[in-house]
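What follows is one structure encoded as structure tokens, with my remarks underneath.
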Amino acid sequence: MRRTHTLIAAIAALPVLLTGAACAPVALGSVAIVVNEEFTEKSHSKVVAGDVELVWASSKSSMSHMTDDLLDVDGPTKTIRTFVDGAEVIVRVENFDVGQTRVSVFARRYLVFSDEVAGNVLQSIVRDLG
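In terms of the numbering used here, the sequence shown is residues -13 to 116.
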């Protein structure tokens, strides 16, 4: 019974803890995929011809064929997170211009950016689009 009251108190205190700006990314990290400055600086990107929704659907299909792990898909931000060849991979699809879509891939193995995995994943996605 004591554990139940402690758990209820902890859950009740959660909204108060989340009001601080420093706590929000930690709490939201499990709900949404966070794309940070490291992603934008070290990711491989390619602009492809095609509608963003078509490229998004194709990217999800490509990623599902590259890994046996589950895909963590965030539809509103068009971001996919999974593991490929032992590396954490994040794919982001975004509208670039009319009829053009940017696909960005970031890969990290053992907390270090993996240029090789990111390049291979991007090549596979682009190849599957063609």
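Positions of the beta carbon are idealized from the N, C-alpha and C atoms, including for glycine.
Query, Result
"Can you tell me where the beta strand (DSSP E) holding residue 64 begins and where it ends?", "Element bounds for residue 64: n/a, residue is neither H nor E."
"CA-CA distance, residue 6 and residue 48?", "Per-residue confidence for residue 6 stands at a pLDDT of 44, beneath the threshold of 50, marking its modelled position as unreliable; no derived number is given."
"Report the residue from 95, 62, 75 whose alpha carbon sits nearest the alpha carbon of residue 107.", "75"
"Can you tell me where the beta strand (DSSP E) holding residue 79 begins and where it ends?", "73 to 83"
"Would you grab the beta carbon distance between residue 79 and residue 103 for me? Rounded to a whole angstrom, and I think it's under 8 Å.", "Going by Cβ atoms, the distance from residue 79 to residue 103 rounds to 18 Å, so no, they are not a contact pair."
"Quick one: what does DSSP say residue 29 is sitting in, helix, strand or coil?", "coil"
"Can you find a CB in chain E that lies within less than 8 Å of the CB of residue 60?", "Within the model displayed, chain E is absent; a lone protein chain is all it includes."
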